[in-house]
Amino acid sequence: MWRPRVGQPTRRPNPTGPIRRRRGWRCRSRPRSPSRPARVVSSCPKAVAQMRERLHSPEQGQRGAIRALRSQISTPSSPPRCRASHGLGRGGGPVAEKAVVVGSGPGAATAAMVLAEAGWDVVVFEKGRNYFSDLTEPAPGTLFSNDELKMLRGFGGPDTEGEPRAFRSTADDPEPLEVGFVNNLPTTVGGGSAHWDAKVPRFWDIDFEKLTRLGPIDGADVVDWPVSYSEMAPYYDAVEQLIGVQGDGDGWAAVAGKYAPRSRAFPMPPGPAQLASLLLAEGAGATGLHPYSYPAAVASQPYDGRPACINCGFCSGFGCPIHDRGSALIPLRRALLSGRAELRPDSMVTRIEHDGSSATGVRWVGSDGAEHTESADFVVLGGGAVESPRLVLLSDVGDDSGWIGGGIMFHWFSDGFGIWLDQRLHGYRGRSFSHGLDDFCDPDFPGAREAAAEVGLPYLRGGILEMGGTSHLIQEALQYVDLMEIFDADKPFGRRFKELMRLSALRDRLAGMQMIAEDLCQQANRVDLDPSITDRYGLPAARVTYHPHLYELTAQQFYMPHMEALAKAAGADVSGAVAQTGTPQAPSPTGETTPSGAHLMGGLRMGTDPSNSATDGFGRLWSIQNVGVADAAVFPTSGAHNPTLTIFAIALRNARSWAGLEGPPELAVDDEGDRGADSGVPVGLVVAGAAGGAAVIAGGAAALAARKRRASAHGSETAEDGTADGSGPEPLSS
Ligand SMILES: Cc1cc2nc3c(=O)[nH]c(=O)nc-3n(C[C@H](O)[C@H](O)[C@H](O)COP(=O)(O)OP(=O)(O)OC[C@H]3O[C@@H](n4cnc5c(N)ncnc54)[C@H](O)[C@@H]3O)c2cc1C
Ligand code: SF4
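So the mapping is simple: the working numbering equals the position in the sequence shown, first residue as 1, plus 268.
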């Protein structure tokens, strides 16, 4: 449940100034021969030379790293080339032949897949590094590992000193309130999905028709999406097949079925349940709520060439060491396998080249520090909800409506917990959590309309509640150091510290919860260019101006007591709930003053009217129609659920329209033989924790019942393997 902040502590930047622009070799678009294979490194000779140099450099001493980098320059064979059809796209746009894709996160990778498989030539520029080996493999080697320290140091995260963002609360703030980390997502091949833990609920029908179904709210820019849930449903189906989603169709909560009906089963059954999740779920049920096995893009069985999850316990905030977890790498792989796509990591796109009405390509800076131009018929922006608007603003694209950069949204996070003093829960093992509930997303939740009316709002929605999980070892230690410093600043260590670690009240006896709540769209909450802060490329940094609406603050206050109540009902000895997202005016008890929940949306919102949106009904810039946006920036509202399944699905829909393809696809996975795939666990990468993980979380309801029997009979703890009697895993009946 706990998420390490991916990045570095906020600091004033020390930009080294602009990178000198050099003339010389430019990457040009070259005709590709049918047999020219997909490559996952730059085609720039200099960059390849540097890569080779790195392979032989002593600093890159890790053998795994060298192997991984070496295999990047392997040349997989390419399937026969198919031509793109000429004509007009469904939205009236041109069908092009070459696209440049900015970024390689969920949205960008999906667009790259669609366009490459439709026969376009595609070049994917990713400013982050590539920590994977041959990306045409279903489960490539990776430098991500189960190493808490490495992740706390920001491995795969953004460089918030070299690429800082600025934050202010309102346009009246004379100076930024923070500079550095402002809800940055990971900067690596795969984008945020390299670190995510892959909860993938769908948005509800009322999210797509928010204005029509729920009505306007003063001070907010509530609109309908230019697409309905029923149109999106087949795209959700397709993405769930593509990335491999586990879920429990039978145990699906009635409220979820009402607002997001499914016509297709989940591709996989749920994996083993977690004890900490089940305990809280039981408490939730006792208070009249409806918990269920939460959908996750985590393979519960071998799927599409990927192994099943081994419940290693290092999920949220860590790269999955065995790639059972679905991510942007899956569509990216398909793009590369098409033989039409090329990935260029370490390549920052700095400007969209255009003549005012049509884009001609992009400018980009490679790892050699030199600036290049890449021509293209179509430019896809997939840099995420802050970087995509920033790139449009850096490119001097006209903005008549004021919506370029406008309407940035961050989900509102609240943390709840229960502590069981007489029992160890091992909530740090397995996936982040196994059970969640949707009740708080319902505007008709008992008491929600009354609470809204009290503050003059027409309705109120919280968000999904993730239940289970806890922190890891180093994070726990840091919490005790913080606590001990309050009493004895000179000695936050020693015997007492050891006692705290042994007791482990904040890790091994704690079951956490997190509500991820809707954030209303307000045009004034925006991304623009900071007038004085620049990044390491010498470009103006993104400045985020964000002030919450009364809606988010009221929902947070309304639902936190419900979180505490369910932990109490579950039998916790100590329970509570605190705001995680805070503002400069009202910092959260956890010290947050800037949203940091890793769910960013809006900034180039889609719409049917150029006067109140930045992109059209298929995510293309109104002013430059051969620029399409394929990431969370197109969201007109934030929904009350984790956003990324919707990012994949809307990118799939829109990219298909850019390619002139009709309707949703059937994204078949390679089923033959793959279901029996060996886990192929790279043993060296999986450290202690994995071994006991599967055993500890297994057992489901049977283990919970047995645990209770044992606890009541003996008043003692759960056995060390997490099951009731130490007998290890029992199969979960779904
Ligand atoms: C720890 C963690 C856990 C999470 N868990 C979940 C979860 O369970 N469920 C869920 O739905 N979401 C989760 N998320 C959020 C999820 O990762 C994001 O919603 C998602 O990745 C956003 O996708 P995107 O396509 O909008 O952009 P991103 O994933 O941000 O990808 C953008 C990419 O573009 C690159 N880029 C940006 N600008 C440029 C440029 N100018 N040139 C070249 N490259 C550029 C970036 O480096 C980045 O790799 C989690 C995030 C984190 C960090
Ligand atoms: S628990 Fe470990 S193995 Fe399973 S999906 Fe998460 S990171 Fe991968």
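Cβ coordinates follow ideal geometry from the N, Cα and C atoms, glycine included.
{"query": "Name the two residues that bound the continuous beta strand (DSSP E) containing Trp632.", "result": "627–633"}
{"query": "Kindly indicate which three-state DSSP category Asp683 falls into: helix, strand or coil?", "result": "strand"}
{"query": "Quick check: the region 887–904 against the region 862–870, are at least 3 beta-carbon pairs closer than 8 Å?", "result": "yes"}
{"query": "Less than 8 Å between the CB atoms is what I'm expecting for Ile732 and Ala908, so what's the real figure, rounded?", "result": "6 Å"}
{"query": "Would you identify the three-state DSSP class for Glu405, choosing helix, strand or coil?", "result": "coil"}
{"query": "So, at 8 Å on beta carbons, what are the nonlocal neighbours of Ala506 in its own chain, with the 5 sequence-adjacent residues on each side left out?", "result": "Ala917, Leu920, Pro932, Pro933, Glu934, Leu935"}
{"query": "Across the region 812–825 and the region 715–730, are there enough close Cβ pairs to call them in contact, namely three or more that are closer than 8 Å?", "result": "yes"}
{"query": "For Ser663, name the three-state secondary structure that DSSP assigns.", "result": "coil"}
{"query": "Return helix, strand or coil for Glu446, following the three-state DSSP convention.", "result": "strand"}
{"query": "My guess is that Ala544 and Thr738 are in contact by the Cβ rule of under 8 Å, so how many angstroms apart are they, rounded?", "result": "7 Å"}
{"query": "Count the other C-beta atoms from every protein chain shown that fall within 10 angstroms of the C-beta of Lys759, then say buried if there are 16 or more, exposed otherwise.", "result": "exposed"}
{"query": "Restricting to Cα atoms, I'd like to know which of Ser856, Arg619, Pro432 is closest to Leu649.", "result": "Arg619"}
{"query": "Identify, in the order they occur along the chain, each residue of the same chain with its Cβ nearer than 7 Å to the Cβ of Ser947, setting aside the five sequence neighbours on each side.", "result": "The predicted position of Ser947 is uncertain, since its pLDDT is 39 and thus under 50; a value taken from the coordinates is nonetheless stated next. Taken in chain order, the residues that qualify are Pro575, Ala576, Ile578, Ile590."}
{"query": "Grouping DSSP H, G and I as helix and E and B as strand, with all else coil, what is Glu718?", "result": "helix"}
{"query": "State buried or exposed for Val490, treating a residue as buried only when at least 16 other CB atoms are found within 10 Å of its CB.", "result": "buried"}
{"query": "Determine the direct distance from the alpha carbon of Ala638 to that of Gly704, and round the result to whole angstroms.", "result": "48 Å"}
{"query": "Nearest by alpha-carbon distance to Asp636: which of Met616, Gly652, Ser643 is it?", "result": "Met616"}
{"query": "Thinking C-beta only, is Gly458 closer than 8 Å to Ser372?", "result": "yes"}
{"query": "Could you tell me whether the Cβ atoms of Gly448 and Phe681 are closer together than 8 Å?", "result": "no"}
{"query": "For Asp706, which residues from the same chain have a beta carbon less than 7 Å from its beta carbon, with the 5 sequence-adjacent residues on both sides left out?", "result": "Ala521, Val523, Ala524, Ile732"}
{"query": "Could you tell me the distance, in whole angstroms, from the CA atom of Ser663 to the CA atom of Arg470?", "result": "34 Å"}
{"query": "Using the three-state DSSP reduction, which class does Val382 fall into: helix, strand or coil?", "result": "helix"}
{"query": "So that I know if they touch, is there some Cβ in chain B lying closer than 8 Å to that of Gly396?", "result": "In the displayed structure, chain B is absent; only one protein chain is listed."}
{"query": "Less than 6 Å between C-beta atoms, sequence neighbours within five positions excluded: which residues of the same chain meet that for Trp493?", "result": "Phe476, Pro904"}
{"query": "Would the beta-carbon of Gly650 be found less than 7 Å away from any heavy atom of ligand 1?", "result": "yes"}
{"query": "By the 10 Å Cβ neighbour count, where 16 or more other Cβ atoms means buried, how is Val369 classified, buried or exposed?", "result": "buried"}
{"query": "Please go through the same chain and pick out, in chain order, the residues whose beta-carbon is closer than 8 Å to the beta-carbon of Tyr503, but skip the five residues on each side of it.", "result": "Ala917, Ile918, Leu920, Arg921, Pro932"}
{"query": "Quick one: what's got a C-beta closer than 8 Å to Met769's C-beta in the same chain, skipping five residues either side?", "result": "Glu744, Ala745, Tyr748"}
{"query": "Work out the CA separation of Lys366 and Arg307 for me, nearest whole Å.", "result": "Note that Arg307 scores a pLDDT of 31, beneath 50, so its modelled location is shaky; the value from the coordinates is reported in the next line. Going from the Cα of Arg307 to the Cα of Lys366 covers about 16 Å."}
{"query": "Can you tell me whether DSSP reads Thr912 as helix, strand or coil?", "result": "helix"}
{"query": "Looking at ligand 2, does it come within less than 7 Å of Asn910, judged from the CB to the closest heavy atom?", "result": "no"}
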